[in-house]
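The listed protein sequences correspond, in order, to chains B and Y. The first sequence runs 1 to 100 under this note's numbering. The second sequence runs 1001 to 1239 under this note's numbering. All residues carry an ideal CB built from backbone N, CA and C; glycine is no exception. One structure is given here, and the rest of the page talks about it.
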Amino acid sequence: MSWVLVIALAVGAYGFKVTGLVVLGGRTLPTVLERCLALIPAAVITALVVKDTLTLGQDVVIDARAAGIVAAVVAAWRKAPLIVVIVLGAVVTALVRKLG
Amino acid sequence: MSFADHDAGAQPWWRDAGFRPALVACLTLSLAVGVFGVSFGVGSVAAGASVWQTCALSFFVFTGASQFSAMSVIGAGGSIGSALGGALLLAARNGVYGLAMSRRLDGSLGRRLLAAQFTIDETTAMAVAQPTRREQNLAFWVTAFALYVFWNLGTLIGALAGSAIDPETYGLDAAFPAGFVAMVWPLLSDRRARAAAVVGGVVCLTTTPVTPVGVPILLSVVGVLVGVQHPVRPEGMSS
């Protein structure tokens, strides 16, 4: 980790927040653009789940993490609170790892 | 900072029985996110960041998904460029939340510049869920304050404990994606978001073996292109 990354990320993250809230204010963006921007979390967060669950470096692997994430998905589907989903994912992964 | 300047004559907001359920929801959510902050602290130190760098990320960047993304790319051996790219893609959504909040938040330019730092998933979600403008403002600021305190406190605790804890023993490496599952799940009730999620996930998985670490996260953004297609047809109609 480098300070360059920390600072660039801090500036960039605040830049997006200020652009939306203060600079653009109440203005409306082209609807196509708004639709696409609104889909960023679904696409990118899902990719992060896939990356952190099924890959190690450049390898695609299935290990204890997959079991933990299946448990987390079931918990999220059953509308469990955030904290339950997180703890269940971690605990199931740790148990499967220990037994495996 | 006064939350209730425009509330002449009424009782103070923390005694307002009508606002109490929202207040409890804001505080509970903030506490849960604080626990998530502990896992960020542990993971960030394990990925090679110092305690100071880890705390600076939570203090100044203050948008969890971006922080986790940067940390996980660096921890996996990715470049600074790809770590930054993926994290900024995720940070872009706060701009969209800012647009939504700009129609709801009261106050001077100075207060808005401060509010910008706190315009993230949780504060926006809590605010837009309230029925009146006054309660929207209250929910935003209460969540902002509680979340900021707990997130930074959790990060510090995790970062200090970090070197003493092996994240894999406790399954903490799975705590991040599990938290992301909880964040993304409510979004997937929308058909278009489901399509974007499937494309994002598949692109990430298929490009992992053939691109440098971190790049698949950048490529997953092509999933948003499902938004270009025409506005929603009612569910169940053939397309």
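Whole-angstrom distance between residue j and residue i, CA atom to CA atom
| i | j | result |
| --- | --- | --- |
| S968/Y | Q1011/Y | Residue 968/Y cannot be examined here, being either before or after the span of chain Y that is shown, 1001 to 1239. |
| P1186/Y | S1050/Y | 34 Å |
| A1127/Y | R1104/Y | 8 Å |
| T46/B | A1091/Y | 15 Å |
| D63/B | L54/B | 8 Å |
| V1221/Y | V44/B | 6 Å |
| T1119/Y | V70/B | 31 Å |
| P1143/Y | R1093/Y | According to the sequence as given, residue 1143/Y is Thr; it is not Pro. Cα-Cα distance, rounded: 18 Å. |
| W1014/Y | A1115/Y | 20 Å |
| L1201/Y | F1150/Y | Residue 1201/Y is actually Gly in this sequence, not Leu. When rounded, the distance between both Cα atoms is 31 Å. |
| T1123/Y | F1145/Y | 10 Å |
| A76/B | P1177/Y | 12 Å |
| M1183/Y | F1019/Y | 25 Å |
| G1077/Y | P1131/Y | 46 Å |
| M1071/Y | V1228/Y | 31 Å |
| G89/B | P30/B | 39 Å |
| E1168/Y | V73/B | 20 Å |
| R1134/Y | D1016/Y | 12 Å |
| Q1117/Y | G1064/Y | 13 Å |
| V11/B | I40/B | 20 Å |
| L82/B | L1031/Y | 10 Å |
| V1212/Y | A1022/Y | One detail in the question is off: residue 1212/Y reads as Pro in this sequence, not Val. For P1212/Y and A1022/Y, the distance between alpha carbons rounds to 44 Å. |
| D1007/Y | A38/B | Residue confidence for D1007/Y is low, a pLDDT of 49 falling below 50, so the modelled location carries little weight; the figure read from the coordinates is stated next. Looking at the two C-alpha atoms, the distance is approximately 33 Å. |
| V87/B | K79/B | 14 Å |
| D1121/Y | V1203/Y | 24 Å |
Nearest candidate by alpha-carbon position, reference residue i, set the options
| i | options | result |
| --- | --- | --- |
| V6/B | F1059/Y, A1046/Y, R1093/Y | F1059/Y |
| L1113/Y | G57/B, V50/B, Y14/B | Y14/B |
| V84/B | T1124/Y, S1079/Y, L1029/Y, Q1117/Y | L1029/Y |
| V27/B | G1095/Y, S1072/Y, V1045/Y | Reading off the sequence, residue 27/B comes out as Arg, not Val. Answer by Cα proximity: G1095/Y. |
| G1223/Y | A1087/Y, E1135/Y, V1199/Y, G1179/Y | V1199/Y |
| T1155/Y | Q1053/Y, F1019/Y, R1015/Y | Q1053/Y |
| L1089/Y | N1152/Y, L1147/Y, S1066/Y, S1108/Y | S1066/Y |
| L1138/Y | G1064/Y, L1153/Y, G1107/Y | G1107/Y |
| V22/B | G1110/Y, V1203/Y, T1211/Y | G1110/Y |
| L99/B | V4/B, G25/B, R65/B, I40/B | R65/B |
| W3/B | Q1136/Y, A1056/Y, V1045/Y, P1021/Y | A1056/Y |
| V1045/Y | V1203/Y, L1160/Y, A1022/Y | L1160/Y |
Contacts of residue i in chain B (Cβ-Cβ under 9 Å)
| i | result |
| --- | --- |
| G1077/Y | G57 |
| A1046/Y | Neighbours of A1046/Y on chain B: none; closest Cβ ~11 Å, over 9 Å. |
| R1192/Y | R35, A38, L39, A42 |
| M1157/Y | For the record, residue 1157/Y in the displayed sequence is Ile; it is not Met. Within 9 Å Cβ-Cβ: nothing; I1157/Y doesn't reach chain B, min ~15 Å. |
Partners in chain Y for residue i, counting only beta-carbon separations shorter than 7 Å
| i | result |
| --- | --- |
| P81/B | A1032 |
| I45/B | A1065, F1180, M1183, V1184 |
| L21/B | G1098, M1101, S1102, R1112, A1115, A1116, T1119 |
| R35/B | G1227 |
| R78/B | Within chain Y, no residue comes near R78/B; the closest Cβ sits about 10 Å away, beyond 7 Å. |
Expected contact under 8 Å - CB spacing of residue i and residue j to nearest Å
| i | j | result |
| --- | --- | --- |
| K51/B | P1216/Y | 6 Å |
| V1033/Y | I1165/Y | Between I1165/Y and V1033/Y the Cβ distance is about 20 Å, and since that is not below 8 Å, they are no contact. |
| L1219/Y | T1207/Y | 5 Å |
| G975/Y | S1039/Y | For chain Y, the structure presents residues 1001 to 1239; residue 975/Y sits outside this window and is missing. |
| G1171/Y | G1086/Y | Contact flag wrong, Cβ pair sits at about 23 Å. |
| F1180/Y | L48/B | 5 Å |
| A1047/Y | G1081/Y | With 8 Å as the limit, A1047/Y and G1081/Y do not qualify as a contact, their Cβ atoms being about 16 Å apart. |
| A1196/Y | A42/B | 4 Å |
| G159/B | A1174/Y | Residue numbering for chain B in the displayed model covers 1 to 100; residue 159/B lies beyond these limits and cannot be assessed. |
| L1084/Y | L9/B | 6 Å |
| F1062/Y | Y1148/Y | 7 Å |
Contact set between residue i and chain B, taken where Cβ atoms lie within less than 7 Å
| i | result |
| --- | --- |
| Y1170/Y | A90, A94 |
| D1106/Y | Neighbours of D1106/Y on chain B: none; closest Cβ ~13 Å, over 7 Å. |
| F1176/Y | D52 |
| A1070/Y | L5, L9 |
| S1220/Y | A43, V44, A47 |
| V1038/Y | Ordered by position in chain B, no residue passes the 7 Å Cβ test against V1038/Y, which lies about 10 Å from the chain. |
| A1196/Y | L39, A42, A43 |
| C1204/Y | A47, V50, K51 |
| L1089/Y | I40, V44 |
| A1056/Y | V6 |
| L1187/Y | P41, A42 |
Proximal chain Y residues relative to residue i, where beta-carbon distance stays under 8 Å
| i | result |
| --- | --- |
| P30/B | Neighbours of P30/B on chain Y: none; closest Cβ ~11 Å, over 8 Å. |
| V61/B | Chain Y residues near V61/B: none, gap ~10 Å exceeds 8 Å. |
| G100/B | None at all; the shortest Cβ gap to chain Y is about 12 Å. |
Where residue i meets chain B, residues with beta-carbon distance less than 8 Å
| i | result |
| --- | --- |
| P1209/Y | Q58, D59, V60 |
| D1173/Y | D52, R65, T93 |
| L1084/Y | L5, A8, L9, G12 |
| A1092/Y | F16, L37, I40 |
Proximity test, residue i beta-carbon vs the ligand FAD heavy atom, cut-off 6 Å
| i | result |
| --- | --- |
| P1209/Y | What this structure holds is no ligand at all, so the ligand FAD is not there to describe. |
Any contact of the stretch 1180-1196 of chain Y with the stretch 57-65 of chain B, i.e. 3+ C-beta pairs under 8 Å?
Touching, no.
Three or more C-beta pairs under 8 Å: does that hold for the stretch 1096-1103 of chain Y against the stretch 27-43 of chain B?
Contact between the stretch 1096-1103 of chain Y and the stretch 27-43 of chain B is established, with three or more Cβ pairs separated by less than 8 Å.
Is it true that the stretch 89-99 of chain B meets the stretch 1015-1027 of chain Y, where meeting means three or more beta-carbon pairs spaced less than 8 Å apart?
Too few Cβ pairs lie closer than 8 Å, so no.
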